[in-house]
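K.L.:
Quick one: structure below, then a few questions.
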Amino acid sequence: MGDAAPAQQPEPRAARRRLFEASMRSVARRLRTFQQWPRTAPVSAQDLVEAGFFYLGPGDEVQCFCCGGILKDWRPGDCPMIEHLRFFPSCKYLSGEDVGNQEMLSLQEIFDTVDGQFLSVLQGIVSEETAQPNEPEYPEMVTEEMRLSTFENWPQNSSMHPEQLARAGFFYTGRGDIVRCFYCDGGVRSWSFGDDPWREHAKWYPECEFLLHSRGREFVNSVQATFSSTLLAPRHSWDQTEQDSSPSQGAVQRETGTSRQEMRSVRQKEPGALGWQHESQLSTEEQLRRLREERMCKVCMDKDVSVVFVPCGHLVACEECAFNLRLCPICRAGIQGRGTSGWKTG
């Protein structure tokens, strides 16, 4: 059964910081960093982004994705492009060199490249009210043909066909059977016979805009409803295991605004078509394994979760990984603040 895959492997903070700054070549990603930009600032986030800057904070401090130059203390009448050139005249981005800057694509431009895939579905939902669309995380993988080309070394013993995975938005990462969505960056692994890539996509990453525009909100809601109703274990199969190792469900709700059942749904698997063992019949070892997965950071898959995202309240990342996230990996909501959870990790 498909399982959510880690976003990346653990690496030192300095390396992660470099990776983050490299990702700022994307105009859309730079723009996302300005969610907490001071409303009273005399220059606009859009102008700063076009000038190559992303928001560092605190205050009005910004940094260029290319030359690394940092500017702050903006005044009325300042032009970000001119100030950038004045303080950092050797910046290659300003000189017009190809430094990998990635312009924003509209959703319509993205779907114009999908070779007619689900166009009839798209026509029925283009008027649906949605938040401002995000830029795809991997613009180079927008076309199904490009995604399919990544499956050259796909495991031969896998029951999943690359064509099905590519059509559902996934490309192959080159490791095991881990695939990742080009749009939301959601990873899935541990595929089993009978798995449906679209359903796995909807199960783990229901807010992916490519998914929603391809299959529709009704499909995603149906998958989520099935996922929630079939996977939540009877309370008696969890209470004894969790009693001495973690806070009560009520405590988690107070700390994070998210019930333990909601957190559990992030990692558990759907019953397969070839038969499955009921939760209440799982061995103690399996229950403990799932409990460890529940407490594991969903980004590095190494440390325990410890940071609560505000305002969504999801508890899915350790302190180090939370530092580099701008969007919640579960609901894709913008992260406006971070708080320490009451989760015990000892």
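For the sequence shown, the UniProt record's numbering begins at 1 and goes up steadily by one. Positions of the beta carbon are idealized from the N, C-alpha and C atoms, including for glycine.
#1: Relative to the alpha-carbon of R189, which residue among A45, W154 and Y183 has its alpha-carbon at the smallest distance?
#2: With L64 as the anchor, note down where its beta strand (DSSP E) starts and where it stops.
#3: Find out if the Cβ-Cβ distance for the pair A166, R180 is shorter than 7 Å.
#4: Note down, in chain order, each residue of its chain lying with its Cβ closer than 7 Å to the Cβ of C208, except the 5 sequence neighbours on either side.
#5: Rounded to whole angstroms, what is the Cα-Cα separation between F323 and R217?
#6: Going by DSSP, what residue range makes up the alpha helix (DSSP H) through V99?
#7: Excluding the 5 residues flanking W198 on each side, which residues of the same chain have their C-beta closer than 7 Å to its C-beta?
#8: Given this structure, state the Cα-to-Cα distance separating R332 from W74, to the nearest angstrom.
#9: Compare the Cα-Cα distances from P136 to each of E163, F170 and M160 and report the closest residue.
#10: Tell me the residue span of the alpha helix (DSSP H) that contains V307.
#11: How should I82 be labelled, buried or exposed, when 16 other C-beta atoms within 10 angstroms of its C-beta is the threshold for buried?
#12: Roughly how many whole angstroms lie between the Cα atoms of D47 and Q36?
#13: Apart from the five residues just before and just after L85, which ones in its own chain have a Cβ nearer than 7 Å to its Cβ?
#14: Do you know whose CA, among S192, V62, N221 and G194, lies nearest P206's CA?
#15: Of the residues V99, G59, A51 and V43, which one's Cα is nearest the Cα of G77?
#16: For T340, which three-state DSSP category applies?
#17: Figure out for me which residue from D60, A28, G313 and L56 has the closest Cα to the Cα of Y138.
#18: Can you name the start and end residues of the alpha helix (DSSP H) that R32 belongs to?
#19: Sorted by chain position, which residues of the same chain lie with C-beta nearer than 7 Å to T33's C-beta, five sequence neighbours on each side aside?
P.N.:
To lay it out plainly:
#1: For this step, residue 189 is matched to residue 189 along the sequence shown. The residue with the shortest Cα to Cα distance from R189 is W154.
#2: Taking the first residue of the sequence shown as position 1, residue 64 is located at position 64. According to the sequence as given, residue 64 is Cys; it is not Leu. First-last of the beta strand (DSSP E) with C64: V62 to C64.
#3: The residue you call residue 166 lines up with position 166 of the sequence shown. The residue you call residue 180 lines up with position 180 of the sequence shown. Taking 7 Å as the Cβ cut-off, A166 and R180 do not qualify as a contacting pair.
#4: Against the sequence shown, residue 208 aligns to sequence position 208. C181, Y183, C184, G186 and H201.
#5: Counting from 1 along the sequence shown, the entry for residue 323 is found at position 323. Counting from 1 along the sequence shown, the entry for residue 217 is found at position 217. F323 and R217: Cα-Cα distance of roughly 31 Å.
#6: Reading the sequence shown from its first residue, position 99 is the one you call residue 99. Counting along the chain, V99 falls outside any alpha helix (DSSP H), and DSSP gives it neither H nor E.
#7: If you number the sequence shown from 1, residue 198 lands on position 198. Around W198: A168 and R215.
#8: Here residue 332 refers to the residue found at position 332 of the sequence shown. Here residue 74 refers to the residue found at position 74 of the sequence shown. Those two C-alpha atoms are separated by around 30 Å.
#9: As a position in the sequence shown, residue 136 is number 136, starting the count at 1. For P136, the nearest C-alpha among the options comes from F170.
#10: Taking the first residue of the sequence shown as position 1, residue 307 is located at position 307. It is not in any alpha helix (DSSP H) - V307 instead sits in the beta strand (DSSP E) that spans V307 to V310.
#11: One-based indexing of the sequence shown puts residue 82 at position 82. So I82 ends up on the exposed side.
#12: Counting from one through the sequence shown, the residue named residue 47 turns up at place 47. Counting from one through the sequence shown, the residue named residue 36 turns up at place 36. Spanning the two alpha carbons is a distance of roughly 16 Å.
#13: For the purposes of this step, residue 85 is taken as the residue at position 85 of the sequence shown. L94, listed in sequence order.
#14: As a working note, residue 206 is residue 206 in the sequence shown. The residue with the shortest Cα to Cα distance from P206 is N221.
#15: As a working mapping, residue 77 is identified with position 77 in the sequence shown. G77 has its Cα closest to that of V43, out of V99, G59, A51 and V43.
#16: Walking along the sequence shown from the start, residue 340 turns up at place 340. The answer is strand: DSSP assigns T340 an E or B state.
#17: Along the sequence shown, one-based indexing puts residue 138 at 138. Closest option to Y138, Cα to Cα, is A28.
#18: What you label residue 32 is simply residue 32 of the sequence shown in a count that begins at 1. R32 -> alpha helix (DSSP H) spans V27 to R32.
#19: Against the sequence shown, residue 33 aligns to sequence position 33. Counting only Cβ-Cβ distances below 7 Å, and skipping sequence neighbours, we find F54, Y55 and R326.
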